[in-house]
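Working notes for the structure below.
There are 2 protein chains.
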Amino acid sequence: MGILKGMRVVEGSAFVAVPLAGMTLAQMGAEVIRFDRIGGGLDAGRLPLAPSGQSLFWAGLNKGKKSLAVDMKSQEGRELITRVVTAQGEDAGLFLTNLRVRGWMDYETLSQHREDMIMVTLSGDRHGRPQVDYTVNPALGIPEITGPEGFDGPVANALPAWDLIAGNLVVSSLLAAERHRLRHGKGQNVDLALKDVAAATLGHLGMIGDAVVNPAPRTKSGNALYGAYGQDFLCADGQRVMVIGLTDRQWRGLVKATDSAEAMTLLEKRSGKSLRDEGNRWALRHDITEILAPWFAARALSEFAEDFDNNGLTWSVFRTVKEAVAQDPDLSTENPIFEMLDQPGLGRFPVPASPAEFSEVLRDAPGRAPSLGEHTEEILADVAGLDFTEIAKLFDKGVVATGDAALGKAA
Amino acid sequence: MGILKGMRVVEGSAFVAVPLAGMTLAQMGAEVIRFDRIGGGLDAGRLPLAPSGQSLFWAGLNKGKKSLAVDMKSQEGRELITRVVTAQGEDAGLFLTNLRVRGWMDYETLSQHREDMIMVTLSGDRHGRPQVDYTVNPALGIPEITGPEGFDGPVANALPAWDLIAGNLVVSSLLAAERHRLRHGKGQNVDLALKDVAAATLGHLGMIGDAVVNPAPRTKSGNALYGAYGQDFLCADGQRVMVIGLTDRQWRGLVKATDSAEAMTLLEKRSGKSLRDEGNRWALRHDITEILAPWFAARALSEFAEDFDNNGLTWSVFRTVKEAVAQDPDLSTENPIFEMLDQPGLGRFPVPASPAEFSEVLRDAPGRAPSLGEHTEEILADVAGLDFTEIAKLFDKGVVATGDAALGKAA
Chain A
3 MGILKGMRVV EGSAFVAVPL AGMTLAQMGA EVIRFDRIGG GLDAGRLPLA
53 PSGQSLFWAG LNKGKKSLAV DMKSQEGREL ITRVVTAQGE DAGLFLTNLR
103 VRGWMDYETL SQHREDMIMV TLSGDRHGRP QVDYTVNPAL GIPEITGPEG
153 FDGPVANALP AWDLIAGNLV VSSLLAAERH RLRHGKGQNV DLALKDVAAA
203 TLGHLGMIGD AVVNPAPRTK SGNALYGAYG QDFLCADGQR VMVIGLTDRQ
253 WRGLVKATDS AEAMTLLEKR SGKSLRDEGN RWALRHDITE ILAPWFAARA
303 LSEFAEDFDN NGLTWSVFRT VKEAVAQDPD LSTENPIFEM LDQPGLGRFP
353 VPASPAEFSE VLRDAPGRAP SLGEHTEEIL ADVAGLDFTE IAKLFDKGVV
403 ATGDAALGKA A
Chain B
3 MGILKGMRVV EGSAFVAVPL AGMTLAQMGA EVIRFDRIGG GLDAGRLPLA
53 PSGQSLFWAG LNKGKKSLAV DMKSQEGREL ITRVVTAQGE DAGLFLTNLR
103 VRGWMDYETL SQHREDMIMV TLSGDRHGRP QVDYTVNPAL GIPEITGPEG
153 FDGPVANALP AWDLIAGNLV VSSLLAAERH RLRHGKGQNV DLALKDVAAA
203 TLGHLGMIGD AVVNPAPRTK SGNALYGAYG QDFLCADGQR VMVIGLTDRQ
253 WRGLVKATDS AEAMTLLEKR SGKSLRDEGN RWALRHDITE ILAPWFAARA
303 LSEFAEDFDN NGLTWSVFRT VKEAVAQDPD LSTENPIFEM LDQPGLGRFP
353 VPASPAEFSE VLRDAPGRAP SLGEHTEEIL ADVAGLDFTE IAKLFDKGVV
403 ATGDAALGKA A
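Protein chains in written order, with the working numbering: chain A, 3 to 413; chain B, 3 to 413.
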């Protein structure tokens with residue numbers, strides 16, 4: 003089923019953001035066609051890989067899509083993509099891309115074939131230059147405030163956060179434009195840039211204002227929760243926990259559970275600052291941590307975990323990804339968003355569906371990613387509307403491919 | 003104008019994700035009403051603050067919304083919120099929340115007042131427990147793979163990435179459900195959990211599969227681009243740059259611009275691995291960095307910046323947030339998404355609009371955030387449909403407030 007059932011989206015993409023956008027729509031029930039050049043796009047072999055050499059990354063970001071493999075340098079290949087992108091259908095004519103191919107694949111040209119089409123293009127920056135998460139992040143200053151207190155040098159994040167945010171905004175933008183088309187009958191062109199998404203987000207979080215109006219720059223604060231209290235602690239059994247005192251309630255719970263009310267009152271007296279104020283908890287975080295650290299250092303996780311849960315504390319355990327996958331039921335099939343799939347060339351592991359649960363439709367089980375060009379023939383017939391002879395000709399000429407030929411391997 | 007003009011969304015929220023969702027909709031043209039308890043919600047004083055003590059964070063995440071201040075503990079206050087959330091109007095009856103108030107504010111109860119309402123709730127985890135970005139991230143293992151190579155201990159990111167991703171997914175979910183309502187006349191309940199969003203994202207990036215099928219865990223890799231080549235370098239003038247060799251084209255450009263073809267060929271011979279393969283670039287990244295480091299160390303940024311740009315390299319300079327705001331035109335009013343606003347109590351700085359540009363509507367200029375309860379009277383009249391006497395009574399009883407009273411200050 004899926005909440006977007008009936009919608010058809012075509013995607014010409016690579017890497018994280020736009021593939022994620024298409025995959026998100028596919029997991030909400032849209033028919034999503036990703037086209038790639040024969041042999042695979044720029045992200046076909048992106049790490050992490052399975053032992054077979056197949057990309058786990060590609061498989062993760064293209065789940066539930068249909069794949070068309072086509073020679074994008076040939077005139078016939080370009081005409082075919084144009085036909086697929088601009089095919090008729092009330093809920094079709096929707097195109098997502100980050101490829102920025104000028105000429106035949108721009109909005110002006112494509113919309114001549116379907117006036118009400120909607121095209122969403124994600125660029126690197128507003129000047130149309132390529133940028134990636136790894137260049138946008140340093141340019142905006144996040145690595146300078148990430149990492150241990152006093153550490154000399156910028157620290158990048160392991161998560162491509164800007165890509166993930168931008169990909170989700172591509173989805174919203176497409177849905178907003180399609181909503182407009184439903185009401186007014188008009189398609190349109192939508193432009194976003196990865197760097198603009200990041201720059202706007204800095205502003206939304208108050209960081210641009212902070213940089214302008216406050217003389218003291220924000221500095222690295224290790225694993226502390228910025229602006230209130232939250233800190234990591236090492237327990238007696240070597241496990242590390244993160245505990246949160248962001249809201250007043252969380253703070254009172256933490257003080258109670260660690261039996262530290264008396265010490266906190268002394269700290270308040272000594273400093274002349276009330277710890278009921280979150281800003282004071284932030285200012286006094288080192289003193290607070292000094293009070294709490296011995297408590298955690300004296301206890302194994304098992305000695306307080308249940309009590310923390312029962313008292314409604316907000317906390318968690320630090321894990322490696324391997325530990326999380328092995329130990330946390332929320333990353334297993336106990337969580338209804340996950341399904342165990344056994345994928346040839348990849349292996350058997352839990353695969354996520356959409357994390358959004360809509361009460362009016364059943365959540366689609368997560369589908370595997372297609373093999374490159376797996377749906378070439380189906381798309382040529384059903385979407386491009388070609389007949390058997392025309393399709394055979396395109397395969398013969400090598401304009402399109404499926405199976406091993408789509409992977410660029412000799413038959 | 004705005005692409006979502008005419009839509010009305012009510013928001014009961016705090017912190018990052020849901021306020022960001024409402025703000026994103028507001029910046030796309032929707033009328034967004036945020037209600038808060040008198041005195042302000044949990045995030046009213048969240049850092050960073052302006053020198054006046056006002057929250058730059060709150061101002062950033064509530065731009066362009068209308069504010070209703072109401073005593074949520076009183077029966078009349080609750081009835082009023084119910085009335086505002088479920089008010090008639092074809093494009094209304096849309097409610098976003100992360101407050102998880104049981105009973106009067108759950109979907110079952112609210113939808114009795116408007117059958118086709120849509121409610122999107124973001125929880126901490128699927129069990130309904132509070133979780134924040136700072137607890138979800140350690141639980142899933144990202145801090146274990148963030149930070150300098152060989153650094154002992156987890157490193158948190160300064161960006162609340164999961165909140166930002168979840169907030170954008172709240173927007174998509176609302177738009178998808180509203181699309182469904184337009185077609186089928188039915189509203190619905192939509193549930194998401196922050197931890198599920200993060201868990202699903204790990205899966206999308208291939209990290210769950212990697213953790214299951216590969217014996218070697220992913221480790222910290224400092225500022226290197228994961229899976230291909232990308233590294234930071236210190237220049238002769240003390241500036242640090244990030245350079246990318248992710249795609250074949252970027253890699254060839256980097257080798258050419260740094261005149262290192264010969265050294266790379268020697269490395270290929272020595273290692274028996276072709277550097278045209280991105281996985282090999284990743285495996286040999288330390289050797290590559292050793293070759294390139296002296297080149298950067300011998301040059302000031304100004305000696306190669308223009309050449310890098312002219313040769314189409316993908317690269318950037320590391321800056322602090324302050325430097326970025328002061329120096330980068332993309333964070334200034336040269337960028338059409340930014341407008342210089344002078345906000346009482348906050349100061350004068352560039353404020354971002356939506357980063358998405360829709361060709362069929364003019365981009366709305368970014369509006370400032372409301373003061374708490376600024377629109378109370380207007381909302382009671384125009385949305386709740388109360389008459390002058392009813393409104394006066396609610397103010398008299400302290401069920402609603404505006405101005406200083408809304409801030410919890412004595413008149």
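The C-beta atom is built at its ideal place from N, Cα and C for all residues, glycine as well.
Beta carbon of residue i nearer than 8 Å to that of residue j
i, j, result
"A/Leu-315", "A/Val-243", "no"
"A/Asp-38", "A/Phe-17", "no"
"B/Phe-97", "B/Met-121", "yes"
"B/Gly-211", "A/Ala-52", "yes"
"A/Met-266", "A/Leu-248", "no"
"B/Phe-340", "B/Pro-357", "no"
"A/Ala-32", "A/Lys-65", "no"
"A/Leu-161", "A/Ala-200", "no"
"A/Ile-5", "B/Ala-23", "no"
"B/Asn-170", "B/Thr-26", "yes"
"B/Gly-405", "B/Ile-40", "no"
Spatial neighbours of residue i in its chain, beta-carbon cut-off 7 Å, leaving aside the 5 residues before and after
i, result
"A/Ala-94", "Arg-10"
"A/Ser-223", "Glu-151"
"A/Leu-79", "The residue asked about is misnamed: residue 79 of chain A is Gly in this sequence, not Leu. Excluding residues within five positions, the ones whose Cβ falls inside 7 Å are Val-72, Asp-73 and Val-401."
"A/Ala-230", "Gly-247, Leu-248, Glu-280, Arg-283 and Trp-284"
"B/Leu-303", "Cys-237, Asp-239, Gln-241, Val-243 and Val-319"
"A/Gly-369", "Lys-65 and Gly-66"
Residues near residue i in its chain [Cβ-Cβ closer than 8 Å; skip 5 each side]
i, result
"B/Leu-196", "Ala-19, Leu-124, Ser-125, Gly-126, Asp-127, Gln-133, Val-134, Asp-135, Val-138, Trp-164, Asp-165 and Ala-168"
"B/Ala-299", "Phe-235, Leu-236, Cys-237 and Ala-238"
"B/Ala-326", "Leu-333"
Anticipated Cβ contact below 8 Å, residue i with residue j, distance rounded
i, j, result
"A/Ser-69", "A/Ser-373", "7 Å"
"B/Thr-322", "A/Pro-219", "6 Å"
"B/Pro-156", "A/Asn-159", "Not a contact, Cβ separation roughly 12 Å."
"B/Glu-359", "A/Val-192", "7 Å"
"A/Ser-15", "A/Thr-148", "No, A/Ser-15 and A/Thr-148 are not in contact; Cβ-Cβ is about 28 Å, not under 8 Å."
Alpha carbon of residue i to alpha carbon of residue j, nearest angstrom
i, j, result
"B/Ser-318", "A/Leu-396", "43 Å"
"B/Trp-284", "B/Gly-232", "9 Å"
"B/Asp-344", "B/Arg-350", "4 Å"
"A/Gly-55", "B/Gly-281", "10 Å"
"A/Met-119", "A/His-186", "13 Å"
"B/Arg-85", "A/Pro-346", "54 Å"
"A/His-288", "A/Leu-268", "15 Å"
"A/Arg-254", "B/Pro-354", "37 Å"
"B/Arg-116", "A/Lys-188", "31 Å"
"A/Leu-112", "A/Gln-90", "13 Å"
"B/Gln-190", "A/Asn-312", "32 Å"
"A/Trp-60", "A/Thr-203", "27 Å"
"A/Trp-106", "B/Arg-251", "22 Å"
"A/Val-103", "A/Arg-301", "59 Å"
First and last residue of the uninterrupted beta strand (DSSP E) at residue i
i, result
"A/Gly-232", "231-236"
"A/Ala-158", "First-last for A/Ala-158: undefined, no H or E at that position."
"A/Phe-351", "349-354"
"A/Asp-122", "Reading the sequence as shown, one finds Val at residue 122 of chain A and not Asp. It spans 120-125 - the beta strand (DSSP E) in which A/Val-122 sits, taken as one unbroken run."
"B/Arg-254", "Note, B/Arg-254: premise wrong, no beta strand (DSSP E); alpha helix (DSSP H) at 250-259."
"B/Ala-302", "Where B/Ala-302 is concerned, there is no enclosing beta strand (DSSP E), given that its DSSP letter is neither H nor E."
"A/Lys-68", "68-72"
"A/Asp-239", "From DSSP, A/Asp-239 is part of no beta strand (DSSP E); its letter is neither H nor E."
N-terminal and C-terminal residue of the alpha helix (DSSP H) that residue i is part of
i, result
"B/Lys-395", "390-399"
"B/Gln-29", "19-29"
"A/Ile-83", "77-87"
"B/Arg-2", "No answer is possible for residue 2 of chain B: it lies beyond the span of chain B, which begins at 3 and ends at 413."
"A/Trp-60", "58-63"
"A/Arg-329", "Reading off the sequence shown, one finds Gln at residue 329 of chain A, where the question assumed Arg. Residues 323-329."
"B/Ile-35", "Taken as a continuous stretch (DSSP letters only), B/Ile-35 belongs to no alpha helix (DSSP H), being part of the beta strand (DSSP E) at 33-39."
Own chain residues within Cβ distance below 6 Å of residue i, not counting five before or after
i, result
"A/Ser-57", "Gly-47, Arg-48 and Leu-51"
"B/Val-402", "Val-72, Thr-378 and Leu-396"
"A/Gly-42", "Leu-374"
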